Amino acid sequence: MSLLNALPSTEQFCLTGSGKWSSAFAVTDLANASIAAVGLELAKLIASLNLTPAVPQVTVDQRLASLWFDCSFRPDGWQLPNLWDTIAGVYETQDGWIRLHTNLPHHRQAALHVLDCDATWDSVAAAVQHWQADELEYETVNAGGVAAAMRSREDWRAHPQGRAVAAEPLIDWVSPGFIQLRERTQATAERPLAGLRVLDLTRVLAGPVSTRTLAGFGADVLRIDPPGWDEPGVITEVSLGKRMASLDLSMGEDRLVFEALLSKADVFVHGYRPGALDGLGYDTTNRRRLAPNAVEVTLDAYGWTGPWAARRGFDSLVQMSAGIADAGRDWAGSRTPHPLPVQALDHATGYLMAAAVLSALNAAAQGAPVPLARLSLARTAELLAGMDTSTQGPDIADPAAADYAPHTEKSSWGPGRRLVAPLHLSATTLHWEQPATRCGSSPAAWQTARQ
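For the sequence shown, counting from 1, position 169 maps to 168 in numbering that gives the first Met the number 0; every step adds exactly one.
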């Protein structure tokens with residue numbers, strides 16, 4: 000059998016709804032296809048597990064798929080915190096533009112240390128103007144921060160990292176091995192992933208999208224964060240359907256708990272930058288030793304080869320590096336960088352990660368070897384940059400009341416409503432039994448003893 004290695008064509012699924020994101024790039028087509036990939040791989044798994052008499056048909060709602068690439072939760076009577084730190088954003092340099100990403104305290108501190116200025120927008124803007132973009136990017140990254148100079152598509156294709164990423168597959172399947180799937184008697188056509196244990200070591204935003212998707216089909220997703228971790232502004236997006244626990248992997252007792260969890264996991268999804276888990280003592284060999292029968296899927300920002308393979312990054316930064324913000328500027332007739340209307344690299348990569356999990360589970364169900372799957376935001380950017388932009392139709396309008404499910408979701412922060420799911424199979428629809436909840440609110444334990 001073949002593992003997932005490309006987006007599906009529109010002939011492989013049913014597309015309903017209308018509207019598209021206004022962009023220089025095919026953002027809505029990417030949303031449709033990446034979400035459809037989940038459905039198609041799930042349909043194959045459902046058939047392999049004999050949960051339905053025939054392979055289910057997959058339907059994607061184009062409008063809802065587009066909206067899910069933005070925010071899926073609307074608070075009722077309260078507001079989420081601002082997504083961005085007060086000094087995060089795009090600044091003009093001596094010779095171009097740079098984006099500073101300062102949402103995490105240590106990234107903020109690194110940027111301010113390099114710039115040697117006060118933590119205000121005006122002070123940072125004045126300091127940045129004395130730098131060349133590439134130089135400031137280099138110094139910020141070396142100081143432990145995250146930043147990206149704006150490059151054109153041509154510059155990125157000529158850059159050593161751009162060339163490396165372009166040569167990588169969309170999903171890099173490596174180190175195949177045979178795994179024995181645990182029998183899941185709870186699985187049904189309606190909840191095909193019921194009983195599947197997914198250990199989640201991911202953070203904003205692609206990785207959490209992948210595990211949120213698996214939870215929507217019934218998986219028991221347990222996310223592990225360091226004590227005190229939070230993701231304000233996106234927490235209602237990234238915690239939906241999951242149980243959220245905390246462990247300090249530098250502490251002996253917590254390491255034992257983590258290793259016990261990993262040994263009983265059916266799926267392990269992680270988004271630490273390359274080498275980070277190795278530094279904690281959990282390299283590929285040790286992970287395989289602890290969890291020989293777990294499907295493993297991971298991602299990074301800038302690809303798995305090339306000089307930037309270990310570089311920290313986020314969707315907005317990869318857009319700057321890979322020429323997307325520059326191409327958007329030309330398309331919009333703007334002087335300043337023009338990003339995508341949504342964080343499409345994150346969302347698409349997340350759905351492709353979920354599809355990769357399902358593809359690997361299907362391979363295991365058929366007795367085929369199962370490799371580890373590696374994806375990256377930068378490779379998804381290359382995918383998007385190469386997609387046809389000829390799709391016609393009205394621009395996506397703001398979400399309306401009919402776009403939301405009728406019931407109230409009681410999140411840890413207050414009530415709200417969630418968008419209707421964008422993906423439907425013949426007998427299966429995404430839905431979540433666990434509302435969005437706080438980090439560290441659950442015990443670090445699986446829901447049931449291993450069968």
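Even for Gly, the Cβ is constructed at its ideal location relative to N, Cα and C. Just so it is clear, the structure is predicted and the values come from calculations on it, not from any experiment.
Check, Outcome
"For V26, the first and last residue of its enclosing alpha helix (DSSP H)", "V26 to S47"
"Where A293 falls: helix, strand or coil (DSSP)", "coil"
"Exposure of R162, with buried meaning 16 or more beta-carbon neighbours within 10 Å", "exposed"
"Given E258 as reference, the closest of V208, R272 and D282 once Cα atoms are compared", "D282"
"Cβ-Cβ separation, I395 to R62 (assumed contact under 8 Å), whole Å", "7 Å"
"Length-filtered (4 minimum) alpha helix (DSSP H) runs lying within the region 235–298", "251–262, 275–278 and 283–289"
"Three-way DSSP call (helix, strand, coil) for I323 in this model", "helix"
"Sub-7 Å separation of A377 and V317 beta-carbons", "yes"
"Straight-line gap, D329 to T92 (C-alpha atoms, nearest Å)", "19 Å"
"Beta-bridge pairing of P80 - partner residues as DSSP gives them", "Its beta-bridge partners do not exist; DSSP assigns none."
"CB of T187 within 7 Å of CB of V197, strictly", "no"
"Cut-off 8 Å between Cβ atoms - residues of its own chain near S262, not counting five sequence neighbours on either side", "L289 and A290"
"Distance between S122 and E432 (C-alpha atoms, nearest Å)", "46 Å"
"Neighbourhood of W307 by C-beta distance below 7 Å, restricted to the same chain and skipping five residues each side", "Q160 and Y301"
"Secondary structure of H158, DSSP reduced to three states", "coil"
"Beta-carbon proximity list for P336, same chain, < 6 Å, skipping 5 on both sides", "V89, W96, M149, A324 and R328"
"Unbroken alpha helix (DSSP H) run spanning L111, endpoints", "P104 to L114"
"Supposed close pair A30, L6 - CB separation, criterion 8 Å", "No, A30 and L6 are not in contact; Cβ-Cβ is about 11 Å, not under 8 Å."
"CB of S47 within 7 Å of CB of N361, strictly", "yes"
"Beta strand (DSSP E) segments (min. 3 residues) lying fully within the region 180–219", "196–200"
"Exposure label - E167; buried when at least 16 CB within 10 Å", "buried"
"7 Å Cβ shell around D28 - same chain, five flanking residues per side excluded", "M386 and T390"
"A264 versus S151 - alpha carbon distance", "42 Å"
"Cα-Cα separation between V256 and M243, rounded to whole angstroms", "15 Å"
"Pair within 7 Å by beta-carbon distance, A359 and V294", "yes"
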